[in-house]
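A.B. asks:
Residue numbers (the working numbering): 946 to 1035.
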C-alpha cells in the first residue's frame, strides 16, 4: 500500500478569516494551497472547545470515547494514544 500524501495545517481560531474564504487579508500561500487542493466550505465541530475537537479530528472518536473531555492544559488526555491518526499512518 502506498503511503498517503496528507498535508494537515491547523491554525487556532483563524476560522474563515483568510483569503480563500473571501476575507480581505491577503494570505497568498494559503490561497495557493486552496487553489491546488480542497477547500472546505461546510465545517462542523465535534465539541465546543478546542482540545476535544482536535482529539475527535485526529482519533475519529467523540470526546466521551477518546477521554479528551476538556482542555489538555487542564489535565485532560486521550484514553489510548494509539488511537491517534499518527499511529494509523505509520
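Where a beta carbon is used, it is the ideal one built from N, C-alpha and C, also for glycine.
Between residue 983 and residue 989, what straight-line distance do the alpha-carbon atoms span, to the nearest angstrom?
C.D. replies: About 16 Å.
A.B. asks: Beta carbon of residue 1016, beta carbon of residue 1008: below 7 Å?
C.D. replies: Not in contact: residue 1016 and residue 1008 (Cβ atoms no closer than 7 Å).
A.B. asks: To which residues of the same chain is residue 972 closer than 6 Å at the C-beta, ignoring the five residues directly before and after it?
C.D. replies: Excluding residues within five positions, the ones whose Cβ falls inside 6 Å are 963, 964.
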